[in-house]
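Visitor:
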Amino acid sequence: MAEQIVKFIVNGRSYEIPIEPQMTLVEVLRDKLDITGTKISCGAGECGACTVLIEGKPVLSCLTLAITAREKNILTIEGLAKGNDLHPIQKAFIDNGAIQCGFCAPGMILTAKALLDENPDPTRGEVKKALAGNLCRCTGYVKIVDAVLVAAEEMRKGGS
Amino acid sequence: MTQPLKPFDYFEPTTIKEAVQILGRYGTKAKLLAGGVDLVARMRRHQVQPQYVVSILSIPGLDYIHSDEVGLSFGALATIRSIELSPIVKNDYTVLYEAASQIASVQVKTMGTAVGNLCVATPASDIATALYALGAKLRITGPAGERTIPVEDLFVGVNQTVLEPGEIVTEVILPSPAPQTGGAFFKLVRTASDIAKVNVAVSLTVTDNACREARIVLGSVAPTVIRATRAEEALRSSTLEPKVIEEVAQLAAGEAKPITDLRSTIEYRREMVRVLVRRAVKKALTRAKA
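Respectively, the protein sequence lines represent chains R and C.
For the first sequence, numbering that gives the first Met the number 0 assigns the number 0 to the initial residue and increments by one for each residue that follows.
For the second sequence, numbering that gives the first Met the number 0 assigns the number 0 to the initial residue and increments by one for each residue that follows.
1. Quick check: alanine 91 of chain R and valine 149 of chain R, are their CB atoms within less than 8 Å of each other?
2. Anyone know if the C-beta pair for alanine 29 of chain C and isoleucine 21 of chain C falls short of 8 Å?
3. What would DSSP say about alanine 200 of chain C, mapped onto helix, strand or coil?
4. Interface residues of chain C around alanine 146 of chain R at Cβ under 7 Å?
5. Starting from the Cα of leucine 109 of chain R, find the closest Cα among R:His86, R:Asp94, R:Asp120, R:Gln99 and give me that residue.
6. Do you know whose CA, among C:Arg277, C:Gly60, C:Glu97, C:Ser104, lies nearest glycine 44 of chain R's CA?
7. DSSP on alanine 18 of chain C, reduced to helix/strand/coil?
8. Could you tell me which residues DSSP pairs with tyrosine 14 of chain R in its beta bridges?
9. Hey, how far is the Cα of lysine 288 of chain C from the Cα of glycine 134 of chain C?
10. Give me the residue from C:Arg262, C:Val272, C:Val247, C:Lys108 with the minimum Cα distance to lysine 256 of chain C.
11. Got a sec? Which residues, its chain only, sit under 8 Å from isoleucine 148 of chain C by beta carbon, not counting five neighbours each side?
12. Compare the Cα-Cα distances from threonine 204 of chain C to each of C:Thr223, C:Ser219, C:Glu231 and report the closest residue.
13. Just reading off the alpha helix (DSSP H) that proline 105 of chain R is part of, what are its end residues?
14. With glutamate 170 of chain C as the anchor, note down where its beta strand (DSSP E) starts and where it stops.
15. Between the C-alpha atoms of valine 188 of chain C and valine 51 of chain R, what's the straight-line distance to the nearest angstrom?
16. For glutamine 21 of chain R, go through chain C and note every residue whose CB falls closer than 9 Å to its CB, in chain order.
17. Strictly under 8 Å for the Cβ-Cβ distance: is serine 263 of chain C near chain R by that measure?
18. Tell me the rounded alpha-carbon separation between aspartate 193 of chain C and valine 107 of chain C.
19. Can you list the residues of chain R that methionine 110 of chain C reaches, using a CB-CB cut of under 8 Å?
20. Would you please state the rounded distance, in angstroms, between the beta carbons of threonine 1 of chain C and alanine 75 of chain C? I believe it to be under 8 Å.
21. Check whether the stretch 137-156 of chain R and the stretch 91-103 of chain R touch, using three or more Cβ-Cβ pairs below 8 Å as the test.
22. Cβ of serine 202 of chain C within 8 Å of Cβ of glutamate 68 of chain C?
23. Starting from glutamine 159 of chain C, find everything on chain R with Cβ-Cβ shorter than 7 Å and list it in chain order.
24. Does glycine 124 of chain R have its Cβ less than 8 Å from a Cβ in chain C?
25. Just list the residues that DSSP pairs isoleucine 225 of chain C with in beta bridges.
26. I'd like the span of the alpha helix (DSSP H) that includes proline 86 of chain C, first residue to last.
27. What is the DSSP secondary structure of serine 100 of chain C, reduced to helix, strand or coil?
28. Got a sec: is the Cβ-Cβ distance from glycine 115 of chain C to anything in chain R below 8 Å?
29. What are the uninterrupted segments assigned as alpha helix (DSSP H) that are 4 or more residues long and contained completely in the stretch 124-157 of chain C, given in chain order?
30. Go through the stretch 62-108 of chain R residue by residue and report every complete run of the beta strand (DSSP E) that reaches 3 residues or more, in order.
31. Which same chain residues, not among the five before or five after asparagine 116 of chain C, have their C-beta less than 6 Å away from its C-beta?
32. Looking at the secondary structure, which residues open and close the beta strand (DSSP E) in which glycine 181 of chain C lies?
33. Say whether chain C places a C-beta atom closer than 8 Å to the C-beta of glycine 42 of chain R.
34. Consider the Cβ of glycine 74 of chain C: report whether some Cβ of chain R lies at a distance smaller than 8 Å.
35. For lysine 56 of chain R, which three-state DSSP category applies?
36. Give every residue of the same chain whose Cβ lies closer than 6 Å to the Cβ of threonine 93 of chain C, excluding the five residues on either side of it in the sequence, and list them in chain order.
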């Protein structure tokens, strides 16, 4: 099928680019728009590395046809910090040793953001459940859950 | 390994009628896209390579969850996540809530629709197991018009349904639970995000300490989700003492037709059917009396 011009809104900025319908959202982000914070790993909906937020909700960009995300608000990890000011979740990940190799971090942090936007005061169990679709091969889960709880507290104090 | 998708022609109809026409025209060469978690994953593995992809995502008004005194209904685009978060589902259709809530990945539930999960026709479907227990009906629209079938009539075998080319499941309809009805859903999994080794859903109606209506549903232990009808029969009209519950669990284990695969063995699955049915019946009973 022929390429068509499609409008994407990524991190508040609009892009109009030609795509083919078989392109997945993560391919458009990484290969067409050069926004490479979003990672590709399993390609099968198991690992969560490709998580982005569409209209605030966490979805897997490797299983999303890009064309179905047109004209919707897409947030990737690049859109989280304000200039040089990191988002409280990013800061908490660094301060609490929740970043190791960093490959899972964009997906983890965006999934955590979706959780905290919906539930500002989660229990440890709720954090674990919310992050169950994000795998970390460094197995840094304890620190990751710690970081999300610290970020939640900061954000409740008005850190964001 | 997964790979880039093979090219296809993409359609995005805005009415069910139009979607039915396109799907009917291309038959098995076309695939319907809703949440995409199953379809796109299989396309990436090149297990399915449709020439035409027909998205129903732009058809308005299909993502509702509606309840009234008659019961609950939800549309083809209601996501598993929205069902999990619905207070009415949690309070009045607990079996469905427990099934949705135990599916691990928030991302998959945010994208995936309950109807899509049904139409994949996996015998491990938590949603299908719960909907059997709740006596769900499906509204189907196709080239020949509309029909309504019990959810139990949807499945023919592993990944096979009775849906004809061009047919779309547009709505799931659940009757309002009778007074003194209780249900429970249990599943056994290797890891939280894996599919079930065994899943069990039970719904019971109890009056004057006797079981008036019973549904006992088993998932992952036959080519489709099944009802343990002999176990249901033994429970119906019984007085529900512990000995009866043991017998019912044993009967259900006998009705399972499991296989041995990488997740479990025939023997273990059968034994776990017995254990989970016993637990689910007890819990359903407590809830029915509450």
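Every residue gets a Cβ at the ideal spot worked out from N, C-alpha and C, and that includes glycine.
Guide: According to the structure shown:
1. Against a cut-off of 8 Å, the Cβ pair of valine 149 of chain R and alanine 91 of chain R comes out as a contact.
2. Against a cut-off of 8 Å, the Cβ pair of isoleucine 21 of chain C and alanine 29 of chain C comes out as a contact.
3. Alanine 200 of chain C falls in the strand class under three-state DSSP.
4. In chain order: nothing, as chain C lies at least about 18 Å away.
5. Cα-wise, what sits closest to leucine 109 of chain R is R:His86.
6. For the residues C:Arg277, C:Gly60, C:Glu97, C:Ser104, the minimum Cα distance to glycine 44 of chain R belongs to C:Ser104.
7. DSSP places alanine 18 of chain C in helix when its eight states are reduced to three.
8. Note: tyrosine 14 of chain R sits in a beta bridge opposite R:Phe7.
9. One Cα belongs to lysine 288 of chain C, the other to glycine 134 of chain C, and the distance between them is close to 20 Å.
10. With respect to the C-alpha of lysine 256 of chain C, the residue from C:Arg262, C:Val272, C:Val247, C:Lys108 having the closest C-alpha is C:Val272.
11. So the qualifying residues of the chain are Lys136, Leu137, Ile139, Val161.
12. The option with the nearest alpha carbon to threonine 204 of chain C is C:Glu231.
13. In the DSSP assignment, proline 105 of chain R falls within the alpha helix (DSSP H) that extends over 104-117.
14. Per DSSP, the continuous beta strand (DSSP E) segment holding glutamate 170 of chain C begins and ends at 167-174.
15. The straight-line gap separating the alpha-carbon atoms of valine 188 of chain C and valine 51 of chain R is approximately 27 Å.
16. Going along chain C in sequence order, the residues near glutamine 21 of chain R (Cβ under 9 Å) are Pro3, Leu4, Lys5, Pro6, Phe7, Tyr9, Met42, Val52.
17. For serine 263 of chain C, the answer is no, since every Cβ of chain R falls outside 8 Å of its Cβ.
18. Across the structure, aspartate 193 of chain C and valine 107 of chain C are spaced so that their CA atoms are roughly 12 Å apart.
19. Those are Val58, Leu59, Leu62, Thr63, listed as they occur along chain R.
20. Contact flag wrong, Cβ pair sits at about 26 Å.
21. Segments in contact, yes.
22. No, the pair does not count as a contact, with Cβ atoms beyond the cut-off.
23. What glutamine 159 of chain C touches in chain R: nothing, since even the nearest Cβ is about 22 Å away.
24. Output row for glycine 124 of chain R: interface = no.
25. Isoleucine 225 of chain C is bridged to C:Leu217.
26. Per DSSP, proline 86 of chain C belongs to the alpha helix (DSSP H) from 86-91.
27. Helix, per DSSP.
28. Chain R contact via Cβ: absent.
29. 125-132, all fully within the stretch 124-157 of chain C.
30. If we require 3 residues or more, the beta strand (DSSP E) runs fully inside the stretch 62-108 of chain R come out as 72-74.
31. Excluding positions up to five away in sequence, the list reads Ser124, Ile126.
32. Start and end: 180-187.
33. Closer than 8 Å to some Cβ of chain C, the Cβ of glycine 42 of chain R qualifies, so yes.
34. Judged by the 8 Å Cβ criterion, glycine 74 of chain C is not in contact with chain R.
35. The three-state secondary structure of lysine 56 of chain R, taken from DSSP, is strand.
36. Excluding positions up to five away in sequence, the list reads Gly182.
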